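Chemist: Residue numbers (my numbering): 18 to 265.
Just so you know, even glycine gets a beta-carbon here, dropped at the ideal spot from N, CA and C.
Note that the coordinates shown come from a computational prediction; the quantities given were computed from them, not determined experimentally.
Written out as structure tokens, the structure reads:
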């Protein structure tokens with residue numbers, strides 16, 4: 018089937034990569050199709066770290082939870098940028114969200130990520146090195162042993178923007194998603210959903226307006242995936258919530 022046509026059967030979101038829409042689609046593959054790009058789970062229309070977050074949440078959430086993700090797909094199209102604050106914001110959001118529930122060994126790594134993200138932001142904004150934003154301090158206060166370990170493990174260490182983008186941020190997202198998916202909680206789906214939904218908000222706040230729809234971009238209404246159930250969360254647009262997540 019040509020990738021320039023609407024699929025004969027609308028793909029249902031499922032785990033993993035798919036060669037074409039007839040075999041199903043993951044979150045980012047459907048985004049690539051709606052954006053008019055070549056079928057791929059690494060489309061150019063979405064920030065690389067946001068796309069990585071979407072792929073991992075898509076693969077770790079339950080089938081019912083994955084259906085609820087479909088409503089978020091249009092919001093990642095055209096959402097990209099080069100500002101390192103996007104990586105910092107996504108990594109910090111994922112670490113703070115996951116810290117309360119992940120296993121102790123993962124808490125240590127995520128606590129280091131929180132400190133590193135704050136130190137990098139402090140360097141960008143010319144603030145004292147050990148300054149912590151309110152959300153970070155509250156999250157670390159809830160895991161005092163991990164916080165103490167992280168301070169001893171990385172005293173005064175501030176990663177470069179290049180190293181944070183290439184290594185620390187992707188590792189933080191992976192640790193958060195895997196940690197939530199395997200946490201001893203009744204239902205990890207709402208928190209996995211929040212990892213992605215919050216990351217989308219943060220990227221939107223920092224990346225600026227999306228570019229105009231380019232030729233070949235497919236109408237969302239024609240290609241909508243399976244709609245989420247009636248209990249789906251409303252769109253997240255609370256300015257106070259965005260401001261708190263993007264505090265710097």
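#1: Identify which residue in 204, 196, 61, 86 has its Cα closest to the Cα of residue 120.
#2: Which one or two residues does DSSP pair with residue 63 in a beta bridge?
#3: Along the chain, where does the alpha helix (DSSP H) containing residue 198 start, and where does it finish?
#4: Once you ignore the five residues that flank residue 114 on each side, which residues in its own chain have a CB closer than 7 Å to its CB?
#5: Taking only three categories from DSSP, how would you classify residue 30?
#6: What would DSSP say about residue 42, mapped onto helix, strand or coil?
#7: Mapping the DSSP letters down to three states, classify residue 148 as helix, strand or coil.
#8: Considering residue 170, what are the terminal residues of the alpha helix (DSSP H) in which it resides?
#9: Let's test the definition: count the other Cβ atoms within 10 Å of the Cβ of residue 170 and tell me whether it reaches 16, buried, or not, exposed.
Modeler: The short version:
#1: The residue given as residue 120 occupies position 103 in the chain shown. Here the closest residue by C-alpha is 196.
#2: Here residue 63 corresponds to residue number 46 of the chain shown, with the count starting at 1. The partner list for residue 63 (beta bridge, DSSP) reads 96.
#3: In the chain shown, the residue the question calls residue 198 occupies position 181. Start and end: 186-198.
#4: Working through the chain shown from its first residue, we reach residue 114 at position 97. The residues are 193, 208, 211, 212, 215.
#5: For the purposes of this step, residue 30 is taken as the residue at position 13 of the chain shown. Secondary structure at residue 30: strand, using DSSP grouped into helix, strand and coil.
#6: Start at 1 with the first residue of the chain shown, and residue 42 comes out as number 25. Strand at residue 42.
#7: For the purposes of this step, residue 148 is taken as residue 131 along the chain shown, with counting starting at 1. In this structure, residue 148 counts as coil in the three-state DSSP scheme.
#8: The residue labelled residue 170 in the question sits at position 153 within the chain shown. It spans 161-170 - the alpha helix (DSSP H) in which residue 170 sits, taken as one unbroken run.
#9: Within the chain shown, the letter at position 153 stands for residue 170. Counting other Cβ atoms within 10 Å of its Cβ, residue 170 stays below 16 and is therefore classed as exposed.
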